[in-house]
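Beneath this line is the structure, given in C-alpha cells, with notes to follow.
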Amino acid sequence: MRRVGALALALLAGMASAASVKLRPQGAELTRAVEAALAAISTPETPVTLDTSGGPLLVLGGTVPFNPDVAARTLTLGGERRIEFNPQGPLPLAEALRAELTRELGLREWTPAAARVRLSGADLNGDGTIDLTDLALLMNNYGKTGALAGDLNGDRRVDDADVRLFSAQYRF
Amino acid sequence: MKRARTLLAALALGAAPLLAEATTAPTLPLTQQARKATVIVRATLGTPTRVTEEGVTWVVSPLTVSEVVAGDPATLPQREGQPALYVLAGLEGVPELRAGQEGFFLLYAGRMDSPFVGFSQGFYPIVNGKVTRPGPAAETAATSSTATTPETTTPTAPAATGTTTTGTAGTPPPATLPADPNAFPTDPAAFRDALRAARGGQ
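So the protein sequences, as listed, match chains L and E.
Each residue of the first sequence is one higher than the one before, starting from 564 at the first, in our numbering.
Each residue of the second sequence is one higher than the one before, starting from 48 at the first, in our numbering.
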C-alpha cells in the first residue's frame, strides 16, 4: 500500500530529469556541432548535455584516407573507440554527426521524444516505450538492493527515489 | 518542484543493441556502384592476414581473380604478387571476409580504409551459385535460391519488394538491372552482364 502511495505521489510530481551523454569531440568545430546536435534533442523537461569525461573520441578527419563514399567511420585503435568524420564525405558534418550519434546512443531517431525514452533509463525492457511494463519491472524490485532493473539512480537499491525518476518519464 | 539530475547514460547504453550498420555511408544503387568502381572482378578470397605498414595495421585478403569485369586488377594494392584487399584493422561496418568466399568485388584501387565502393556495399558473395548480399541477407538469399531455377532473377535486397523479375526456363537472364535500384540479378552471368551494361559496355 505504501508503494502504491509513493507511486501515486511521484506520478503527480511531474519532475524533470537531465541526461548527459559521454562523448569526446576533438576540436572546436566538432564540439560545437555536437552541442548543437544535443540541443536539438533537448527539451526543458529533459535536457541532454555533453559529458566529455569519457565515451568515444569524435574526430574530424583521420590519418588513413577515407573511402570517398563514407561520411563517418567507427574504429577501435589501441582499445580506444573512435568515430572519425570524413571532411570530404558525401554528407554535411551535421547530418553525418546526427546519423552517427543516433546509432551510437541507440536512438530510434534524432528527436527529443526518442532521446527521452532512450536516455532516461526508464525504458527498462528496452522496447522503445516507457509504459506500465517498465513500471512493473521496477515495482517487482522495489525494496530490493543490488544492480537491479529499476535502479534508475544507480545507488544499488530500488526505492521511492527511483519511482520518482520513473514518474518524470512516464506519460499517461 | 523541478529537479534535475544527471544520468550516466553511457553506462546504460553499453547494454543497448546498436543498429545493424555501424558506419554512415549513403546507399548507392548497383548501377552507381558499377560506374564508380575502378576495378570489378569475380574472385575468391584468400586467407586474411594482419599487416602493419608505416604504423598502420591492415587486414589483407589476397584475391584470386577468375574474371575481370572492368578495370585492371594490377592497379589494386598487391600482396606477394597478387591483388589484395587492404581493409583498415579495427574498422566497423565492413563485410566479413572469409577465406574461400567467392564473389563479385566492386573496388577502388587506391589505398584507403575500405576498398569497397560504397564503403561496404561493393561486395556480392556468390553462395550456392547465386549472387547475394553479405551477412544474414546472403544466407536468406542462398536458402531461398534453392527453390528457384538457375534462370530466375530474384531481387535479394531488403527494399526490393514486389519487383521480382522472372525469366523463362532456358531463356538467358536480362543483361540490364531491374527497375528497383536495390535489386540485382542473382545469376552470376546476368549480374556480370548487368555490371557491364551499367558501365556502358566497357
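No residue lacks a Cβ here, since even glycine has one placed at the ideal position from N, Cα and C.
Indicate whether at least one CB of chain E lies closer than 8 Å to the CB of residue i.
i	result
L:Val627	yes
L:Leu650	Reading off the sequence shown, one finds Pro at residue 650 of chain L, where the question assumed Leu. Closer than 8 Å: no.
L:Leu640	yes
L:Ala602	no
L:Thr692	no
L:Leu621	no
L:Glu592	no
L:Thr674	no
L:Glu598	no
L:Arg719	no
L:Asn630	yes
L:Ala741	Any question about residue 741 of chain L goes unanswered here, given that chain L covers just 564 to 735.
L:Ala662	yes
L:Leu654	yes
L:Phe729	no
L:Ala659	yes
Comparing the C-beta of residue i with each C-beta of chain L, is any distance below 8 Å?
i	result
E:Leu153	no
E:Leu135	yes
E:Thr122	no
E:Ala72	yes
E:Arg246	no
E:Leu132	no
E:Glu127	no
E:Arg97	no
E:Gly118	no
E:Glu139	yes
E:Ser108	no
E:Leu75	yes
E:Asp250	Within the shown structure, residues of chain E are numbered from 48 to 249, placing residue 250 of chain E beyond reach of any answer.
E:Val103	yes
E:Leu113	With the sequence shown as reference, residue 113 of chain E is identified as Ser, and Leu is not the correct amino acid for it. Output row for E:Ser113: interface = no.
E:Ala204	In this prediction, E:Ala204 has a pLDDT of 37, which is less than 50 and means its spatial position is unreliable; what the coordinates show is noted afterwards. No - not a single Cβ of chain L is within 8 Å of the one on E:Ala204.
E:Arg158	yes
Which residue marks the beginning of the alpha helix (DSSP H) containing residue i, and which one marks its end?
i	result
E:Gln129	It is not in any alpha helix (DSSP H) - E:Gln129 instead sits in the beta strand (DSSP E) that spans Gln129 to Leu135.
L:Pro675	Pro675 to Leu682
L:Leu701	Leu695 to Asn703
How close, in whole Å, do the beta carbons of residue i and residue j come, if the pair is a contact with beta carbons under 8 Å?
i	j	result
L:Leu640	L:Gly618	Rounded, the Cβ-Cβ distance is 15 Å, inconsistent with contact.
L:Glu647	L:Arg636	5 Å
L:Val721	L:Leu695	Not a contact, Cβ separation roughly 17 Å.
L:Leu668	L:Arg681	6 Å
E:Ser167	E:Thr70	7 Å
L:Val584	L:Leu621	Their Cβ separation, rounded to whole angstroms, is 11 Å, which puts L:Val584 and L:Leu621 out of contact at 8 Å.
L:Val633	E:Ala72	4 Å
For the beta strand (DSSP E) that contains residue i, what are its first and last residues?
i	result
L:Ser730	Unbroken run through L:Ser730 is the alpha helix (DSSP H), Asp723 to Gln732; no beta strand (DSSP E).
L:Glu672	It is not in any beta strand (DSSP E) - L:Glu672 carries neither H nor E in the DSSP assignment.
E:Phe231	Taken as a continuous stretch (DSSP letters only), E:Phe231 belongs to no beta strand (DSSP E), as it is neither H nor E.
E:Ala84	Where E:Ala84 is concerned, there is no enclosing beta strand (DSSP E), given that its DSSP letter is neither H nor E.
E:Glu114	Val103 to Ala117
E:Gly150	Glu149 to Leu154
L:Ala582	Ala581 to Lys585
L:Thr692	Premise fails: L:Thr692 is in no beta strand (DSSP E) and is neither H nor E.
L:Arg636	Ala635 to Leu640
E:Ala166	Reading off the sequence shown, one finds Phe at residue 166 of chain E, where the question assumed Ala. It is not in any beta strand (DSSP E) - E:Phe166 carries neither H nor E in the DSSP assignment.
E:Glu139	Looking at the DSSP string, E:Glu139 is not in any beta strand (DSSP E), and its letter there is neither H nor E.
L:Phe629	Note, L:Phe629: premise wrong, no beta strand (DSSP E); not H, not E.
L:Glu643	Glu643 to Phe648
E:Thr99	Thr96 to Glu100
Entirely within the stretch 588-620 of chain L and at least 3 residues each: give me those beta strand (DSSP E) ranges in chain order. 611-614
Within 7 Å of chain L by C-beta, residues of the stretch 165-180 of chain E in sequence order: Gly165 and Phe166
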